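Residues in the sequence shown are numbered consecutively from -14, following the working numbering. For glycine and all other residues, C-beta sits at the position ideal for the given N, C-alpha and C. Note that the coordinates shown come from a computational prediction; the quantities given were computed from them, not determined experimentally.
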Amino acid sequence: MGILVSDEFTSRAQTPIYEAIAKQGDVQVQIVTDLAGIEALETDWRALEAKVADGLSYFQGYDWCYRWIKSFITHSNTSDDTAELCLFTVRRSDKIAAIFPLVRITKSFGIKTIRTLGEPLAQYANILIDTDLLSIQEARTCWQDVSKELRADAIVLDRVLKSSQLALVLDQKNVSNEKGDLSLIMNLEEVDDWDTFQAGFKKTVRRGRRRRFRKIEEEVGAIELHVHFGGSQEYKDSVKLALEYKMIWLKENGRNMASFSDVRAMPFLADLDGDREQLDGAIAYVMTIDGKPVAIEIGFLQDKRYYCFLGAFDWEMRSYSLGKVQMEQSLKWAIENGIKNIDFLGNYEAYQGDWSNSSTEVVSYGAATSLKGMAYANLWEQQLKPNLKKVFRRLPPSVRKGLMTGLATR
């Protein structure tokens, strides 16, 4: 019995590199580096994600990862950074036991880092583990050893849910929560129907929401909510319009999101699958007024958990609080269709507090193998970068807008 490694980074393929941790059956670790290797994994990968079914791993699912690889690794962009696939799998007795989707990013200034596959669009880092085949302790040992084979200056994993399998696998000495991040969640487990849910809010809150709704219908037109799933043309059109609305909002507020401004983001998100009957995958909530789409929310459903990914609205109608009205309509649909959790995906904003009743801690992982990796993982990622973001966001919108305009013209 032994653990074997097979990858492109070492000439020791199929050679034991460390002692066995398995009590029964061999454990083999393989690092997959190309699209063909990913396609060969599809059946096993989909079976593993269905078995794990923890509601915390949509961004590690086959559909998300495969389409991201096709969009972001096989198609170049204007960035000088390069991304190389280095997804690792663990098998026991030839059965897939774990999949950890990662990429190696080489920055324009030469530093190499291991990151979560799908960043910056992927919102959570996680690993898929079949604990009937591989214990968490065994997975931890596999990770400790294989991480030495990844040839990088640092391993930086952002947005790890403290309740996830990955949080249990990572060595705690390199885990931190210096950014103080939380994911706010609306837990609907005990909610039976929309009327009961509404009754739980203060009268002033209910009155304010009714007032916003009536104002729109009286001054503009009739509100309707349309729900489109990935794979439909309506969903694709909704993604395109949502990103157009979002880019206007970002410009007007002096904000920048490289994830959405990347030309590859729109076709990638538009290509994601969804299933109306199974209530699974990509989904677009589209609120219309007299048939015109004015507020759109793009998100993902997995195991009755909804990931609230992107919200956008028509900037010309910003005085009507369209986003809040759309969120209320979407929440009503979720309750009526048995969704159990609404996850706001961290980086919380004050308004999310009105739409949540629980939270979960989000941590990050940074391990360096070189001095420049230490500077990047610990100094830049954990301290300078988040603090600079905080300072920038505290500036008045007009100042931010001026700075962004100035940078864009350089």
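Query                                                                                                                      : Result
Proximity winner among T91, A82, Q263 and T101, relative to L72 (alpha-carbon distances)                                   : T101
Identified DSSP bridge partners for L102                                                                                   : DSSP lists no partner for L102.
I6 - DSSP class collapsed to helix/strand/coil                                                                             : Caution applies to I6, whose pLDDT of 40 falls short of 50 and renders its modelled position unreliable; the model cannot decide the point.
Bridge-paired residues (DSSP) for L295                                                                                     : I283
Alpha-carbon spacing of A362 relative to A352, whole angstroms                                                             : 7 Å
Endpoints, beta strand (DSSP E) assigned at M251                                                                           : Unbroken run through M251 is the alpha helix (DSSP H), A250 to A255; no beta strand (DSSP E).
Local Cβ density within 10 Å of Q218, reported as buried at 16 or more and exposed below that                              : exposed
Cut-off 8 Å between Cβ atoms - residues of its own chain near T345, not counting five sequence neighbours on either side   : L146, K147, S148, L167, S168 and I170
Rounded separation between F186 and N342 - CA only                                                                         : 11 Å
Residues of its chain near K325, where Cβ-Cβ distance is below 6 Å and the 5 sequence neighbours each way are ignored      : L173, E174 and K289
Beta-carbon proximity check, N135 vs R89, cutoff 8 Å                                                                       : Note that residue 135 is Leu in the sequence shown, not Asn. In contact: L135 and R89 (Cβ atoms closer than 8 Å).
Opposing strand residues paired with K236 [DSSP bridges]                                                                   : According to DSSP, K236 bridges with nothing at all.
Under 8 Å between C-beta atoms of F44 and Y109                                                                             : yes
Which of helix, strand or coil DSSP assigns to R261                                                                        : coil
The stretch 187 to 197 contacting the stretch 122 to 137, beta-carbon criterion three pairs below 8 Å                      : no
Chain-order list of residues whose beta-carbon lies under 6 Å from that of L153 (same chain, five-residue window excluded) : I121
Span separating the alpha-carbon of G22 from that of D177                                                                  : 45 Å
Separation of Y230 from F298, as counted between CA atoms                                                                  : 6 Å
Y47 (DSSP reduced to helix, strand or coil)                                                                                : helix
Cβ-Cβ distance between D11 and S78 below 8 Å                                                                               : yes
Residue range of the unbroken alpha helix (DSSP H) whose run includes F245                                                 : A243 to S246
Cβ separation of L210 and S306, assumed to be a contact under 8 Å, to the nearest whole Å                                  : Not a contact, Cβ separation roughly 16 Å.
Contact check, L402 vs A83, beta carbons under 8 Å                                                                         : What the structure shows of the chain is the stretch from -14 to 395, and residue 402 is not part of that stretch, so it cannot be assessed.
Three-state secondary structure (DSSP) of I112                                                                             : coil
Alpha-carbon spacing of L20 relative to V141, whole angstroms                                                              : 23 Å
Straight-line Cα distance separating T181 from S132                                                                        : 50 Å
Element boundaries [alpha helix (DSSP H), containing T181]                                                                 : W179 to A184
Proximity winner among K36, Y47, E69 and R31, relative to I16 (alpha-carbon distances)                                     : E69
Contact the stretch 254 to 267 vs the stretch 220 to 234: 3+ CB pairs below 8 Å                                            : yes
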